[in-house]
Every structure is written in C-alpha cells, then in structure tokens.
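S.K.: For the sequence shown, the working numbering begins at 477 and goes up steadily by one.
The structure's right below; bear with me while I get my questions together.
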Amino acid sequence: MSIKKHIFSGIQPSGNLNIGNYIGAISQWVEMQKEYDCIFSVVDYHAITVKQKPEELKKRIINTTKIYLAAGIDPEKSIIFQQSAVPAHTELAWILNCYGARIADLNKMTQFKDKAGKNQESVSVGLYDYPVLMAADILLYNTEIVPVGDDQKQHVELARDIATRFNKEFGDAFIIPQAVVKKEGARIMSLQDPTKKMSKSDPNQNNCIILLEDIEDAKKKIMRSVTDSGSDVVYDLINKPALSNLLTIYAILGDRQIKRLEKDYSGKGYGDFKKDLAEVIEKFLKDFQEKYNNISDQEVLEILEAGRIKAQAIASKKLEEVRKLIGVR
Ligand code: TYM
Numbered sequence: 477m478s479i480k481k482h483i484f485s486g487i488q489p490s491g492n493l494n495i496g497n498y499i500g501a502i503s504q505w506v507e508m509q510k511e512y513d514c515i516f517s518v519v520d521y522h523a524i525t526v527k528q529k530p531e532e533l534k535k536r537i538i539n540t541t542k543i544y545l546a547a548g549i550d551p552e553k554s555i556i557f558q559q560s561a562v563p564a565h566t567e568l569a570w571i572l573n574c575y576g577a578r579i580a581d582l583n584k585m586t587q588f589k590d591k592a593g594k595n596q597e598s599v600s601v602g603l604y605d606y607p608v609l610m611a612a613d614i615l616l617y618n619t620e621i622v623p624v625g626d627d628q629k630q631h632v633e634l635a636r637d638i639a640t641r642f643n644k645e646f647g648d649a650f651i652i653p654q655a656v657v658k659k660e661g662a663r664i665m666s667l668q669d670p671t672k673k674m675s676k677s678d679p680n681q682n683n684c685i686i687l688l689e690d691i692e693d694a695k696k697k698i699m700r701s702v703t704d705s706g707s708d709v710v711y712d713l714i715n716k717p718a719l720s721n722l723l724t725i726y727a728i729l730g731d732r733q734i735k736r737l738e739k740d741y742s743g744k745g746y747g748d749f750k751k752d753l754a755e756v757i758e759k760f761l762k763d764f765q766e767k768y769n770n771i772s773d774q775e776v777l778e779i780l781e782a783g784r785i786k787a788q789a790i791a792s793k794k795l796e797e798v799r800k801l802i803g804v805r
C-alpha cells in the first residue's frame with residue numbers, strides 16, 4: 477500500500493472554465509501530483525443540480541477533461557475519471573444523507589443560499605443536497621487533502637463533520653479530510669466587480685477570462701477591467717481590491733512575486749500595468765489552448781475509461797465496508 481497522502485478534487489462541467497478555476501484549483505493539483513496520490517474527477521452529477529442541455533453536458537465532460545490534461549494533469553500519475561461512471565458516489569451519498577448529514581448543516585451552506593437566491597423553494601432538491609454528494613466523493617477514496625478554492629472550504633468542513641459523526645456511530649470507516657487552499661489565488665474576483673467571485677455561471681462574461689476564449693477578447697477584458705482610485709500599483713486588499721486581484725492573476729499566470737511586481741511598476745500607472753498583464757494573459761492562453769487543441773476526444777475517452785477502472789476499484793471497496801457497518805450486508 478502506498479504511503480503517499482491521498483488527494484481528491486473535482487470540477488463541475490457546468491460552464492466555461494475560467495482562470496479562477498485554473499488558479500484556485502487546477503494549478504494546485506498540478507503541483508500536488510508530484511508528491512501525492514491524486515484523484516481528479518469531472519463531477520457531472522454535481523452539474524445536473526441545475527438544468528443542463530444533454531448534448532452540451534456531454535461535450536463539456538470531454539472538454540473539462542481536456543482542460544485537466546492541457547493544464548498538466550498527467551494520467552500516468554493521477555487518476556482522472558467521470559463521477560457518474562462510478563455509481564458508488566451516489567450510493568454513498570444516500571447513506572450519508574441518512575447517517576451523518578443533517579438539515580441544520582445544509583441550511584448553513586452559503587453557496588446554496590447564493591445560488592438559490594430568492595428561489596429557495598423552487599430550486600432542485602439536488603442543489604440543496606449537493607454538499608452531501610461532495611462529501612461522498614471525498615470520503616470514498618480515503619482522502620486526506622482536498623485542494624480547492626476558497627468557496628469550497630465550507631463544503632469540505634461539512635464532509636469532515638459527516639465523516640466524524642458516521643465514524644462515531646459505526647466505527648472508523650472514513651479518514652477525516654482537510655481542505656487546502658492556495659495562499660494567493662484562492663478567490664479570484666470578477667474583473668468588473670472586485671466584491672464578487674469570478675464565476676463560470678456568471679451571465680456577464682466580461683467578468684471573467686475563460687480558458688478557451690478568443691485571446692484578443694480576453695486582452696480587451698483586461699484593458700476594460702475596473703480599477704480602484706489612485707494610480708499606484710500596490711497590493712492592498714482593503715483600499716485597492718480590484719488592483720490586488722489583477723496583481724494576483726499577474727503573479728500566478730506570469731510566474732512572478734507580487735512584491736516584485738510592485739517594485740517593477742513603481743512610478744508607472746495602471747495603464748502600463750494592464751497592458752503588460754494583457755500580454756501575460758495572451759502568452760498563458762496561447763500556450764494552454766495549443767495543448768488543449770492537440771488532445772483528441774478519443775484520447776480523452778480512453779483516459780476516462782482507464783480512470784474509471786482504477787477509481788471504481790477503490791470506491792467499491794470502501795462502499796462495501798460501509799454497507800457492512802450499517803447492516804445491509
Ligand atoms: P466548481 O466546479 O464550482 O469549481 C471548481 C474549483 O474551482 C475553484 N474556484 C475558484 N478558485 C479561485 N477563484 C475563483 N473565482 C474560483 N471559482 C471556482 C473552486 O473552489 C473549486 O475548487 N463542489 C465543487 C466540485 C466538487 C468537489 C468535490 C471539489 C464536487 N465534489 C470533491 C472537491 C472535492 C464545485 O462546485 O466546484
């Protein structure tokens with residue numbers, strides 16, 4: 477048995493993945509696979525918590541996998557698979573719905589409140605229950621570390637609570653997982669409103685840079701992004717939230733320290749800074765899209781199938797253990 481730590485994470489194929497998803501989640505995964513045993517899932521059953529068009533969803537599952545690969549997730553090192561191909565996820569979610577998760581927990585989930593807004597009574601039960609499916613995703617694989625962006629921390633906390641309750645009642649079935657977020661970049665903000673998260677479900681696409689978008693459009697979005705009052709390029713989350721967000725993006729995609737950028741741009745204005753950031757974005761997207769375009773659908777299907785077999789072996793073992801503990805076997 478491997479003594480490397482176990483990592484699990486995933487992304488919903490529910491919209492166009494943007495640089496927030498890349499910076500907050502995927503770039504962390506790429507680093508982690510050097511050291512740990514990693515499993516990365518395309519979590520399609522999460523995506524259907526809101527309506528998806530079947531043909532589009534099918535394409536997005538393939539495209540999301542291509543994004544993992546283009547970013548540098550290596551199927552030789554890590555398991556990459558489609559969540560719905562391993563039925564243990566939904567089955568464990570049901571068991572955890574009954575043993576571990578409580579209505580009071582789900583009522584506290586801020587993402588549900590944000591997503592449901594005023595329609596709390598009319599959104600799907602799945603949207604409400606989604607954090608329990610996420611707990612099942614994590615707990616099936618003896619996961620110790622869950623690399624995510626800041627907005628998913630609360631859901632990982634819930635997975636910890638559910639696992640702790642289950643273990644207390646039935647014996648130690650689950651490892652208690654821990655969320656890990658990046659020091660910088662765990663919450664990339666909208667380009668038009670630095671109080672809002674950059675989000676793939678945002679209808680205003682000027683807010684975000686999509687990984688597969690036209691490069692000239694992306695550059696324009698940077699040039700048009702809001703900035704704060706003043707003209708100095710300094711990192712200051714309170715007084716310069718918009719600029720601090722742009723500095724974070726620059727630092728991560730351009731591989732430079734924020735402190736270094738502040739020095740380089742001292743005495744220069746926002747205009748110069750944005751122009752250079754647009755170039756950093758151009759270089760990053762060009763390289764990324766080139767890799768993406770070189771991956772065929774067939775290759776993706778083969779990788780997902782190989783991943784499914786490996787994931788299934790781990791998940792079904794854990795599920796059988798849980799079935800025995802609760803008395804159905
Ligand atoms: P999802 O699909 O909304 O987002 C995927 C990942 O991207 C991160 N992220 C961001 N990071 C920084 N800045 C942003 N603006 C930004 N927007 C999104 C998210 O935090 C996430 O890490 N429920 C999860 C998917 C999931 C999962 C799991 C994750 C399902 N099961 C098990 C980990 C473990 C979700 O909806 O992420």
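Beta carbons: idealized from backbone N, C-alpha and C, even for Gly.
Would GLN774 be called buried (16 or more neighbouring beta carbons within 10 Å of its own) or exposed?
M.R.: Mapped onto the sequence shown, residue 774 falls at position 298. The residue in question, GLN774, is exposed, as its Cβ has fewer than 16 Cβ neighbours within 10 Å.
S.K.: Rounded C-beta distance between ASP627 and GLN587? I'm assuming under 8 angstroms.
M.R.: Along the sequence shown, one-based indexing puts residue 627 at 151. Along the sequence shown, one-based indexing puts residue 587 at 111. Going by Cβ atoms, the distance from ASP627 to GLN587 rounds to 6 angstroms, so yes, they are a contact pair.
S.K.: Heavy atom of the ligand TYM less than 7 angstroms from the Cβ of ASN583, yes or no?
M.R.: By 1-based counting over the sequence shown, the position of residue 583 is 107. It does not: the Cβ of ASN583 is nowhere closer than 7 angstroms to a heavy atom of the ligand TYM.
S.K.: I want to check one thing, is the minimum distance from the CB of LEU674 to the heavy atoms of the ligand TYM below 7 angstroms?
M.R.: Residue numbering aside, residue 674 sits at position 198 when the sequence shown is read from its first letter. For the record, residue 674 in the displayed sequence is Met; it is not Leu. Indeed, a heavy atom of the ligand TYM lies less than 7 angstroms from the Cβ.
S.K.: Three or more C-beta pairs under 8 angstroms: does that hold for the region 665-678 against the region 740-747?
M.R.: no
S.K.: Quick check on PRO623: buried or exposed, where buried means 16 or more other Cβ atoms within 10 Å of its Cβ?
M.R.: For the purposes of this step, residue 623 is taken as the residue at position 147 of the sequence shown. By the neighbour-count rule (16 or more Cβ atoms within 10 Å), PRO623 is buried.
S.K.: How far does the alpha helix (DSSP H) with ASP605 in it extend, from its first residue to its last?
M.R.: Along the sequence shown, one-based indexing puts residue 605 at 129. Where ASP605 is concerned, the enclosing alpha helix (DSSP H) stretches over 601-615.
S.K.: Residues in the same chain with beta-carbon distance under 6 angstroms from ALA592, minus the five sequence neighbours each way, listed in chain order, please.
M.R.: By one-based count along the sequence shown, residue 592 stands at place 116. Excluding residues within five positions, the ones whose Cβ falls inside 6 angstroms are VAL599.
S.K.: Inspect the CB distances between the region 547-557 and the region 566-576 and report whether three or more fall short of 8 angstroms.
M.R.: no
S.K.: If I measure Cβ to Cβ from ALA577 and keep anything under 6 angstroms in the same chain, skipping five residues before and after, which residues do I get?
M.R.: Numbered from its first residue, the sequence shown carries residue 577 at position 101. Hits under 6 angstroms: VAL608, ILE638.
S.K.: Out of curiosity, what's the CA-to-CA distance linking LYS658 and ILE785?
M.R.: To locate residue 658, count along the sequence shown from 1; it is residue 182. To locate residue 785, count along the sequence shown from 1; it is residue 309. When only Cα atoms are considered, LYS658 and ILE785 end up about 31 angstroms apart.
S.K.: Nearest to ARG663 by alpha carbon, out of LYS481, ILE487, ALA501?
M.R.: Residue numbering aside, residue 663 sits at position 187 when the sequence shown is read from its first letter. The residue with the shortest Cα to Cα distance from ARG663 is ALA501.
S.K.: Is ALA662 near the ligand TYM, with its Cβ less than 7 angstroms from a heavy atom?
M.R.: On the sequence shown, position 186 is the one that residue 662 refers to. Indeed, a heavy atom of the ligand TYM lies less than 7 angstroms from the Cβ.
S.K.: Taking ASP513 as part of the beta strand (DSSP E), name the residues at either end of that continuous run.
M.R.: Locating residue 513 in the sequence shown gives position 37, where the first residue counts as 1. Where ASP513 is concerned, the enclosing beta strand (DSSP E) stretches over 513-518.
S.K.: According to DSSP, which residues form a beta bridge with MET699?
M.R.: As a working note, residue 699 is residue 223 in the sequence shown. Bridge pairing for MET699: absent [DSSP].
S.K.: Ordered along the chain, which non-local residues of its own chain (more than five positions away) have a Cβ less than 8 angstroms from that of THR671?
M.R.: Against the sequence shown, residue 671 aligns to sequence position 195. Cβ neighbours of THR671 beyond the five flanking positions: MET665, PRO717.
S.K.: Just list the alpha helix (DSSP H) runs in the region 499-574, keeping only unbroken ones of 4 residues or longer that don't cross its boundaries, in chain order.
M.R.: 503-508, 520-523, 530-547, 564-574
S.K.: CB-CB under 6 angstroms to THR619, same chain, minus the five flanking residues each way: which ones, in chain order?
M.R.: The residue you call residue 619 lines up with position 143 of the sequence shown. Closer than 6 angstroms at the Cβ level, and outside the excluded window around THR619, lie HIS482, PHE484, PRO653.
S.K.: Which residue's Cα is closest to the Cα of ASP581: ASP752, ILE698, VAL632?
M.R.: To locate residue 581, count along the sequence shown from 1; it is residue 105. Out of ASP752, ILE698, VAL632, VAL632 has the C-alpha closest to the C-alpha of ASP581.
S.K.: Decide if LEU615 is buried, meaning its Cβ has at least 16 other Cβ atoms within 10 Å, or exposed.
M.R.: Against the sequence shown, residue 615 aligns to sequence position 139. LEU615 should be labelled buried.
S.K.: Can you tell me whether VAL702 sits near the ligand TYM, meaning its C-beta is under 7 angstroms from at least one heavy atom of the ligand?
M.R.: For the purposes of this step, residue 702 is taken as residue 226 along the sequence shown, with counting starting at 1. No, the beta carbon of VAL702 sits no closer than 7 angstroms to any heavy atom of the ligand TYM.
S.K.: With a threshold of 7 angstroms (Cβ to nearest heavy atom), would PHE760 be considered close to the ligand TYM?
M.R.: Locating residue 760 in the sequence shown gives position 284, where the first residue counts as 1. Checking every heavy atom of the ligand TYM against the Cβ of PHE760, none is found closer than 7 angstroms.
S.K.: Label MET585 either buried or exposed according to how many other C-beta atoms from any shown protein chain fall within 10 Å of its C-beta, with 16 as the threshold for buried.
M.R.: Mapped onto the sequence shown, residue 585 falls at position 109. Classification of MET585: buried, given that the 10 Å Cβ count is 16 or more.
S.K.: Are there three or more Cβ pairs, one per stretch, closer than 8 angstroms when the region 491-511 is compared with the region 529-549?
M.R.: Judged by Cβ distances under 8 angstroms, the region 491-511 makes contact with the region 529-549, as three or more pairs qualify.
S.K.: Comparing the CB of ASN492 with every heavy atom of the ligand TYM, is any distance shorter than 7 angstroms?
M.R.: The count along the sequence shown starts at 1 and reaches residue 492 at position 16. Result no, Cβ not under 7 angstroms from the ligand TYM.
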